[in-house]
Amino acid sequence: MKHLTGLMAAAALGVAALPAAAEKWDMPLAYSATNFHSVTAAEFGKCVTTGTGGAIEIVTHPSGSLFPGAQIKRAIQTGQVPIGERLLSGHQNENALFGFDSVPFLATSFDDSVKLWKAAKPKIEAL
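In terms of the numbering used here, the sequence shown opens at residue 2 and continues consecutively.
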């Protein structure tokens with residue numbers, strides 16, 4: 002929830018730099034529409050639209066319908082889409098550190114996962 006609040010704050014701050022016309026952002030998702038990642042992304046999109054007073058509308062595209070999961074990061078990097086969602090561990094072929102949270106039984110609770118993220122965050126941010 003803290004991350005969602007931070008993202009919303011960042012999106013709201015970015016609105017000041019946007020033109021007056023509403024923008025539609027396509028957001029590719031690798032997961033089915035009923036997966037919690039996609040459900041959360043759709044809710045995030047609604048929050049952005051509300052928080053920006055309608056200046057930005059995020060349209061989610063679940064199930065790899067816009068780009069397959071493995072291509073989402075590249076689509077963002079090349080400007081084909083402005084936003085996307087993909088598990089970081091899906092890119093551990095680029096850097097083994099990206100797979101830190103997919104080691105079985107390393108973090109077995111929400112509290113453990115928060116501790117794991119706090120330990121990994123400085124290394125991830127340094128990449």
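Backbone N, C-alpha and C define an ideal beta-carbon position, used for all residues, glycine too.
Exercise. Can Gly-80 and Pro-29 be called in contact, C-beta distance under 7 Å?
Worked result: In terms of Cβ geometry, Gly-80 and Pro-29 do not form a close pair [threshold 7 Å].
Exercise. Using 8 Å as the threshold, is the region 26–42 in touch with the region 59–79, meaning 3 or more CB pairs across them?
Worked result: Yes, since at least three Cβ pairs between the region 26–42 and the region 59–79 fall closer than 8 Å, the two stretches touch.
Exercise. Roughly how many whole angstroms lie between the Cα atoms of Gly-52 and Glu-58?
Worked result: In this structure, the alpha-carbon of Gly-52 lies about 10 Å from that of Glu-58.
Exercise. Comparing the CB of Leu-88 with every heavy atom of the ligand GDP, is any distance shorter than 6 Å?
Worked result: This structure does not include the ligand GDP; it has no bound ligands of any sort.
Exercise. Relative to the alpha-carbon of His-38, which residue among Lys-116, Ala-97, Ile-125 and Leu-88 has its alpha-carbon at the smallest distance?
Worked result: Of Lys-116, Ala-97, Ile-125 and Leu-88, the smallest CA-CA separation from His-38 is found for Leu-88.
For this session: Tell me, please, whether the CB atom of Thr-51 is closer than 7 Å to any CB atom in chain D?
Result: No chain D is part of this structure, which consists of one protein chain only.
For this session: Measuring alpha carbon to alpha carbon, tell me which of Val-104, Gln-72, Asn-36 and Val-49 ends up nearest Pro-63.
Result: Nearest option by C-alpha distance: Asn-36.
Problem set entry | Bridge partner(s) assigned by DSSP for Pro-29 | According to DSSP, Pro-29 bridges with His-62.
Problem set entry | Integer-rounded CB distance, given that Ser-103 should sit under 8 Å from Ser-90 | Indeed they touch by this definition, with Cβ atoms about 4 Å apart.
Exercise. Name the DSSP beta bridge partners of Glu-44, please?
Worked result: For Glu-44, which the question treats as bridged, DSSP gives no partner whatsoever.
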